[in-house]
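Here is the structure we will look at.
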Amino acid sequence: MIMKKIFISAAALILFSIAGFSQIKVTGFGGQGNPTLYFKGVSGDAEFSTKVASDLKNCGWFDMAATPSANYTAEGTASGGTATITVKDSTGATKVTFNMPVPQGKTALAADNAVDYILKKFFEVQICSSKIAFSGQTSAAVKEIYYCDFDGSNIVKATSNNTLSVEPDWMPGRSIVYTMYGKMHTDIVEYQVSSKRSRSLCQFPGLNSCACVSPDGRLMALILSKDREVELYLKEINSKALRRMTNGKSVEASPCWSPDGGKLCYVSDSGGRPNLYVISTGGGTPVKLQTLGSESVTPSWSGDNKIAYSAKMGRNYTIAVLDLKGKDPQRIIIQAAGDWENPSWAPDNRHIVCSKTLNGKSTLYVVDTFSGKMRQLFNSSMNLSFPAWSGLAK
Numbered sequence: 016m017i018m019k020k021i022f023i024s025a026a027a028l029i030l031f032s033i034a035g036f037s038q039i040k041v042t043g044f045g046g047q048g049n050p051t052l053y054f055k056g057v058s059g060d061a062e063f064s065t066k067v068a069s070d071l072k073n074c075g076w077f078d079m080a081a082t083p084s085a086n087y088t089a090e091g092t093a094s095g096g097t098a099t100i101t102v103k104d105s106t107g108a109t110k111v112t113f114n115m116p117v118p119q120g121k122t123a124l125a126a127d128n129a130v131d132y133i134l135k136k137f138f139e140v141q142i143c144s145s146k147i148a149f150s151g152q153t154s155a156a157v158k159e160i161y162y163c164d165f166d167g168s169n170i171v172k173a174t175s176n177n178t179l180s181v182e183p184d185w186m187p188g189r190s191i192v193y194t195m196y197g198k199m200h201t202d203i204v205e206y207q208v209s210s211k212r213s214r215s216l217c218q219f220p221g222l223n224s225c226a227c228v229s230p231d232g233r234l235m236a237l238i239l240s241k242d243r244e245v246e247l248y249l250k251e252i253n254s255k256a257l258r259r260m261t262n263g264k265s266v267e268a269s270p271c272w273s274p275d276g277g278k279l280c281y282v283s284d285s286g287g288r289p290n291l292y293v294i295s296t297g298g299g300t301p302v303k304l305q306t307l308g309s310e311s312v313t314p315s316w317s318g319d320n321k322i323a324y325s326a327k328m329g330r331n332y333t334i335a336v337l338d339l340k341g342k343d344p345q346r347i348i349i350q351a352a353g354d355w356e357n358p359s360w361a362p363d364n365r366h367i368v369c370s371k372t373l374n375g376k377s378t379l380y381v382v383d384t385f386s387g388k389m390r391q392l393f394n395s396s397m398n399l400s401f402p403a404w405s406g407l408a409k
């Protein structure tokens, strides 16, 4: 909603062996769908077994079957802090088998690592060890930063600033940068998840907002009004080095990085209405993207070169995807009531998290961009906004 205001773990060690494995191709909209999987459980550790079952369901890459007549069957055993998990196909042939530690007190993390390992071997993706940051409204004029696991569990309150703390983004190494509103200006602040410490990264006069960190963690793209114009800048994280990327009377917002760090996509009203533009991080002339709707805002750039954004269709905003590889150039992902905004890609390049606002209530949803299926991230009495999906734990 800020755009509207402007214009108005270390992974556990896994030992494995693979028998007869072949990777499965899953594609969206007309392609091959999810394989079915029947999970028989992990005997010897009920807590670990329950979390593995939950991750297999919520990862979105398998359709869970209620009976053994499925494409694959997974089961395991656990004893003495170690688990063995095996996945077999419908003929009974072993496709993946591996041993892994399940440390006491870290059952959930072990389950995340186990399912991510299966996903890596089957689909060359991972998602379970990632996290989602977001802004939660605790009172009329107060929003704080929170984060949770990929499935909406384990919610942690990161800030207690008693002001507007919004627009979180993840830095490599598990830090969160966000915009904090003060009396005279806004600041860009870094919150370090492990130490729970914070530091200010940017305090120029006026607006300091929309910080988005480069893939290598060295730079952040952000919006500043220090020269009395709302412009896009690049700033080094650990120095004062600053470079202005745009120059004009238009208003810019919501930058995001290409996966190789060589380009930025951002929002500008230089054409009269908010639309998406791409500019090289080395400078040059911005290029307007051909997008859907009368307005396009809040872009997010996936690791496989797709841009999800919020498109204004009629009176409401919905989520669309622009595939820069050209396979399926433009798709509306959501056709449901409400305003759908601020999409953020999961590290599997398939799912997004976004906000839905309906009848004054804002909630967060995870959406499968292949199938259009969605699930509410979790129930909350707070209004939730500005979701940001992290990379994988390292």
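Each residue of the sequence shown is one higher than the one before, starting from 16 at the first, in this note's numbering.
For glycine and all other residues, C-beta sits at the position ideal for the given N, C-alpha and C.
Treat the numbers as computed from the prediction; the structure is a model and nothing was measured.
Run through the DSSP bridge pairs and tell me what residue i is partnered with.
i: P116; result: T97
i: N223; result: L239
i: V181; result: T194
i: W272; result: L279
i: N325; result: Going by the sequence as given, residue 325 is Ser instead of Asn. Note: S325 sits in a beta bridge opposite V312, I334.
i: G91; result: V57, I100
i: V382; result: I367, M389
i: L234; result: E251
i: S400; result: S150
i: Q345; result: L337
i: M186; result: S190
i: D319; result: None, per the DSSP bridge assignment.
Do you know whose CA, among the options, lies nearest residue i's CA?
i: L216; options: L249, W355, M389; result: L249
i: E62; options: V117, F77, V102; result: V117
i: D131; options: Y193, Q305, Y53, W76; result: W76
i: F401; options: D127, I160, T82, S84; result: I160
i: K146; options: C74, V57, V181; result: C74
i: Y196; options: K371, S180, D354, Q207; result: S180
i: R233; options: S269, A173, T296; result: T296
i: T97; options: A129, R212, D78; result: A129
i: S209; options: H200, Y162, E251, S168; result: Y162
i: T300; options: K321, L134, K278, G341; result: K278
i: R288; options: P270, P362, V312; result: V312
i: L373; options: G263, N364, R330; result: R330
i: D319; options: V57, A361, A89, A156; result: A361
i: I322; options: L291, G298, M328; result: L291
i: T306; options: I334, S317, I294, D354; result: I334
i: S395; options: N49, S150, L247; result: S150
i: Y53; options: D60, G59, S105; result: S105
Measuring only from the beta carbon, is residue i closer than 7 Å to any heavy atom that is part of the ligand NAD?
i: T88; result: Absence of the ligand NAD is noted for the structure shown, with no ligands found whatsoever.
Does DSSP put residue i in a helix, a strand or coil?
i: A81; result: coil
i: E62; result: helix
i: V266; result: coil
i: L291; result: strand
i: A148; result: strand
i: S69; result: helix
i: K211; result: coil
i: S359; result: strand
i: C217; result: strand
i: I160; result: strand
i: S229; result: coil
i: F373; result: Note that residue 373 is Leu in the sequence shown here, rather than Phe. It is a strand residue.
i: D284; result: coil
i: L52; result: strand
i: S37; result: Its pLDDT being 49, under 50, S37 is placed unreliably by the model, and nothing is read from it.
i: T109; result: strand
What does a CB cutoff of less than 7 Å around residue i pick up in its chain, not counting 5 residues either side in sequence?
i: V245; result: I21, L222, I238, V266, E267
i: S24; result: Bear in mind that a pLDDT of 31 at S24, under 50, signals an unreliable position, so the number given afterwards is only what the model happens to contain. Correct list, in chain order: L124, S144, A408.
i: P344; result: L337, D338
i: S269; result: M18, C225, Y281, V282, V312, T313, P314
i: S285; result: G263, S265
CB-CB under 6 Å to residue i, same chain, minus the five flanking residues each way: which ones, in chain order?
i: T99; result: G91, T92, N114
i: Q207; result: S190
i: R243; result: none
i: Q218; result: D202
i: A156; result: none
i: M328; result: G308
i: T174; result: E159, I160, S180
Where does the unbroken alpha helix (DSSP H) through residue i begin, and where does it stop?
i: K135; result: 122–138
Over what stretch of residues does the beta strand (DSSP E) that includes residue i continue unbroken?
i: L249; result: 246–251
i: I170; result: Looking at the DSSP string, I170 is not in any beta strand (DSSP E), and its letter there is neither H nor E.
i: V204; result: 201–207
i: L257; result: 257–259
Spatial neighbours of residue i within its chain, please: CB distance less than 8 Å, with the 5 preceding and 5 following residues excluded, ordered by chain position.
i: K72; result: M79
i: D275; result: P230
i: A256; result: K250
i: I170; result: Y161, Y162, C163, F393
i: V57; result: F63, S64, V67, E90, G91, T92, A93, A98, I100
i: T4; result: Because the chain in this structure spans residues 16 to 409, residue 4 falls outside the shown range and cannot be described.
If you measure from the beta carbon of residue i to each beta carbon in chain C, is any gap under 8 Å?
i: R189; result: The structure shown has no chain C; it contains just one protein chain.
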